[in-house]
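Encoded as structure tokens, the structure appears first; notes follow it.
In my numbering, the protein residues as written are 994 to 1111.
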């Protein structure tokens, strides 16, 4: 599970940094449970491997399960925003991005600026 969570967040970072996709505010917030959950689950593996008290290992797994439940709630909300069931945060649209007023730079700005997908 730890490897799967790490692969998920690495894929999202790859789309952002290698493919040039600009994440919206909700996309970035959805990564937070993964950033916290991967080290917590790694600590659970260490706890299990070193035969520390089982209550510690179970507690770490419980914390990661709660983090992933929070991530699920964020994902459901994000899906609702993308499907236009509910309004998203102010920074989650292309309308909030700076638009050039110089007609000469318009084409170059269009090529270099990518609004968030949602």
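Idealized CB from N, CA, C, for every residue including glycine.
| query | Residues in its own chain within less than 8 angstroms of residue 1034 by CB, not counting five upstream and five downstream? | reply | 994, 995, 998, 1053, 1054 and 1057
(Q) For residue 1048 and residue 1037, what's the separation of their Cα atoms in angstroms? (A) 10 angstroms
Can you name the start and end residues of the alpha helix (DSSP H) that residue 1032 belongs to? 1018 to 1042
Item to complete: Could you check how far apart the C-beta atoms of residue 1026 and residue 1076 are, in whole angstroms? I think they sit under 8 angstroms.
Response: That belief does not hold up - the Cβ atoms of residue 1026 and residue 1076 are roughly 22 angstroms apart, past 8 angstroms.
### Query
Would you report the Cα separation of residue 1044 and residue 1022, rounded to the nearest angstrom?
34 angstroms
In the DSSP assignment, the alpha helix (DSSP H) including residue 1014 goes from what residue to what residue? Careful: residue 1014 lies outside any alpha helix (DSSP H) and carries neither H nor E.
If we call anything under 8 angstroms between Cβ atoms a contact, is residue 1019 one with residue 1082?
yes
Check for me: the alpha helix (DSSP H) holding residue 1070 runs from which residue to which? 1047 to 1075
Discussion item. Can you give me the C-alpha to C-alpha distance between residue 1003 and residue 1046, rounded to a whole angstrom?
Written reply: 31 angstroms
message = Taking the straight line between their C-alpha atoms, what separation do you get for residue 1001 and residue 1101?
response = 33 angstroms
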